[in-house]
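This report refers to the structure that appears directly beneath it.
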Amino acid sequence: MEIITVQNLTKVFTYAAKEKGLKGSLRDLFARKTLQKTAVENVSFTVQKGEAVGLLGPNGAGKTTTLKMLSGILYPTSGSATVAGYVPWQRQRAYQRRFAIVMGQKSQLWPDLPAVDTFELNRRIYEVDADAYRRTLDELTDLLDVRELLQVQVRRLSLGERMKMELIAALLHRPEILYLDEPTIGLDILSQRSIRDFLKYYNEQTRTTLLLTSHYTADIEALCPRSIIINHGSVVFDGPLAEVSEVFGHKKLVALKAQRDLTAAELAAFGTVRACQHNTALLEVERDRLQPCLQRLFGALPVVDLDVKDIPLEEGIAYFYQKAGVSAP
Amino acid sequence: MKHLAKRLRYYLGLLGLFAKYSLMEQMAYRINFIAGIAVECGYMLIKLMYAVLILRAGAEINGLTAHEMLMCIGTYIMVTGVYMGIYPNYWALPLSVRDGSLDMQLTKPVNTQFLVTLRKLDFGMPIPDVACGLALIVYGWQRAGLPVTPGAVAGFAVYCLAGWFLTYCLFLIPELLSFWFVSTNGVQALSSAVFDFNNTPMNLYPKWVQRLGILLLPVFLITNFPTLYVMGALSPAMQVWGLAAPLAVFGIQRAIWRRAMRQYTSASG
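Residue numbers (my numbering), protein chains in the order written: chain A, 9 to 337; chain B, 6 to 274.
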């Protein structure tokens, strides 16, 4: 069952041009030029109930703007969207009770009070029954292992601890849809993993629909069976992340270490030299030529260590970031 | 009706919680809390200078005795105090438009204007103003020899509430300009200057200024009408206008608010 339907969603921001220097500022004072930036352009996709979908894209691609329109923060310039049967930017209370948004760089917690006070405020705002609230709070604090931190002032919490509290604050009313904008940004590896594990478990257990943006591919890999790559405001890929890797599926990377120093010139005969430093090198080789290449390498060079790898997922994603269409390189 | 009562209880409950949390936050910073009271006491003393001057002169100006003027000044100080109680929200609004911190508040299933304008309540600054304003009103009322009947007291209270509501709506409008122009410090200063027209009773201004301040930009209603009502100096038409103007300004302010919400562009990051 489709819970999110987005059709040709477009957002154009209008802003005043700012000329450089004092002269420019004076000119701006009397005649100001306005410019337009298309943040999201004709984006269309659907999300099924219970699905976890990742929105990927470089900075300024339009991921966050898309999330903000779906959560009703922004009005679109054109296009349409319905979430759980509601038009998000109409900001109907019934819709606002059915979703939550967590933003890595924005907080809903009162910084000078313990997080539990914000939770109580959210309980009252969302009119959550006291017993249900206690049960949910117990469950979430146990899952995220933050019971001892409930009474600590929010501003004294670490970034990872604060993000866990943000998640609890967002989930207390048991939303059907959870929008996550860079939920692991700035967190250490352990905190990232902890948040990821929690979200994966929560999505599996409650079938809450997740729409997630992140710069960390690991977040998307761990949580989202499906990814949408947005670049320059448009969808350039929609499918499983594994398919992104297949863009470079016909290539392999060969990392090798030799007994002596290597030169790029002598390695060029085996494949594309990506790096060559002292006695180590990294080569890019066509997959169907891998076996003869390796045999020749062992024959021609004093190889002491060798590792064959797939092209990293990030490179596949970067390819889509740089390209508007989807065609193999 | 039952639904309306339920909604009223809901919003009053939230307001109570905002008040509690704001007080808890302010208590956490004792020095700032005390400094806030001290600063407001300083401003209040400046306002009191007018009252002292008027009392010393003891003259009747344009139909108002010194003690009746004292009531107007007392009302001004009291309303200022209540306005200061919610002012942190007004002050923060342009900033939250600029840095996008309004985002989270727009997603809550509660009236956004209620959340944005009443979330943080200041207790330090209103305490001296409300206490001093009330004292001046009581003293002026008593010395002016005006009737202390339930009708007069209720009328005074109703026009005070209408005045406060008018203040809430009228002075929110300049803050809303930040949705279009982002930085509105100049407009904020201008609106403070307009509010301070109430520093002295409106009878002290020329007739054309009074008309402007009653009919076009109804700032004089805020602190003059309660006293004028008790004095029996409000014509029936002005009595109606005193209650209708806040509602009219509320309508205008809500229309601007709705446009502002559509205009909101958030901020990246």
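Here a beta-carbon is modelled for each residue, glycine too, at the ideal position from N, C-alpha and C.
Bear in mind that the values here come from a model prediction, so they are computed numbers and not experimental data.
Using a Cβ-Cβ cut-off of 7 Å, A/Ile185 does not count as an interface residue toward chain B, since no Cβ of chain B sits closer than that to its own.
Scanning its chain for C-beta atoms nearer than 7 Å, with the 5 sequence neighbours on each side dropped, one finds around A/Leu275 the residues Val281, Cys284, Ala289, Leu291, in chain order. Between B/Thr205 and B/Pro99 the beta-carbon gap is near 29 Å, outside 8 Å, which marks them as no contact. The continuous alpha helix (DSSP H) containing B/Asn37 extends over residues 35-62. Per DSSP, reduced to three states, the secondary structure at B/Ile257 is helical.
For B/Thr205, there is no enclosing beta strand (DSSP E), as DSSP gives it neither H nor E. Annotated three-state conformation of A/Pro300 is helix, per DSSP. Annotated as proximal: B/Gly41 and B/Gly129, with beta-carbon spacing under 7 Å. In this structure, DSSP gives A/Gln104 a helical state, which the three-state scheme calls helix. Contact between A/Ile81 and B/Ser271 holds, with the beta-carbon distance rounding to 6 Å and staying under 8 Å. The beta-carbon of A/Asp36 is placed no less than 7 Å from the nearest beta-carbon of chain B. When the beta-carbon positions are compared, A/Ala60 and A/Arg40 stay at least 7 Å from each other. Not a single C-beta of chain A is nearer than 7 Å to the C-beta of B/Ala260. Taking the beta carbon of A/Gln104 as reference, the chain B residues within 7 Å of it are Thr112, Lys113, Pro114, listed in sequence order.
Any Cβ of chain A closer than 7 Å to the Cβ of B/Ala140 would place that residue at the interface, and such an atom is absent. Taking a C-beta distance under 7 Å as the contact criterion, B/Phe184 and B/Tyr95 do not qualify as a contact pair. At a cut-off of 7 Å between C-beta atoms, A/Tyr83 counts as an interface residue with respect to chain B.
The C-beta of A/Leu129 comes closer than 7 Å to at least one C-beta of chain B.
Residue-level contact check: B/Asp127 does not touch chain A, since none of the beta carbons of chain A fall below 7 Å from its beta carbon. In terms of beta-carbon proximity, B/Ala265 stays away from the interface with chain A, with every pair separated by 7 Å or more. Ranking B/Leu111, B/Pro251, B/Met236, B/Lys7 by CA distance to the CA of B/Gly68 puts B/Met236 first.
Fully contained in the region 91-160 of chain A are the following alpha helix (DSSP H) runs of length 4 or more, in chain order: 101-104, 123-133, 138-152. For A/Arg99 and A/Val136, the gap between their C-alpha atoms comes out near 20 Å. Boundaries for A/Asp36: no beta strand (DSSP E) harbours it, while the alpha helix (DSSP H) harbouring it runs 29-38, taken from the DSSP string. The shortest CA-to-CA distance from B/Tyr15 to any of A/Gln44, A/Ser166, A/Ile133 is the one to A/Ile133. Two segments are said to touch when three or more pairs of C-beta atoms, one from each, lie closer than 8 Å; by this definition the region 65-80 of chain B touches the region 123-142 of chain B. The Cβ-Cβ distance between A/Leu195 and A/Val162 does not fall below 7 Å.
In this structure, DSSP gives A/Lys41 a state outside helix and strand, which the three-state scheme calls coil. Sorting A/Ile237, A/Phe53, A/Glu10 by C-alpha distance to the C-alpha of A/Leu17 places A/Phe53 at the top. Interface annotation, A/Lys114: in contact with chain B, CB-CB separation under 7 Å. A/Gly70 does not reach chain B, its nearest Cβ partner there being about 11 Å away, counting only Cβ pairs nearer than 8 Å. Residue contact with chain B for A/Ser222: absent (no Cβ-Cβ distance below 7 Å to any residue of chain B).
The region 183-195 of chain A makes no contact with the region 142-162 of chain A; the number of CB pairs closer than 8 Å stays below 3. Exclusion of the five residues before and after B/Gly105 leaves Ser271, Ala272 as the residues of its chain whose Cβ lies within less than 6 Å of its Cβ. Taking 7 Å as the CB threshold, B/Thr172 stays off the interface with chain A. In this structure, the alpha-carbon of B/Leu171 lies about 5 Å from that of B/Pro251.
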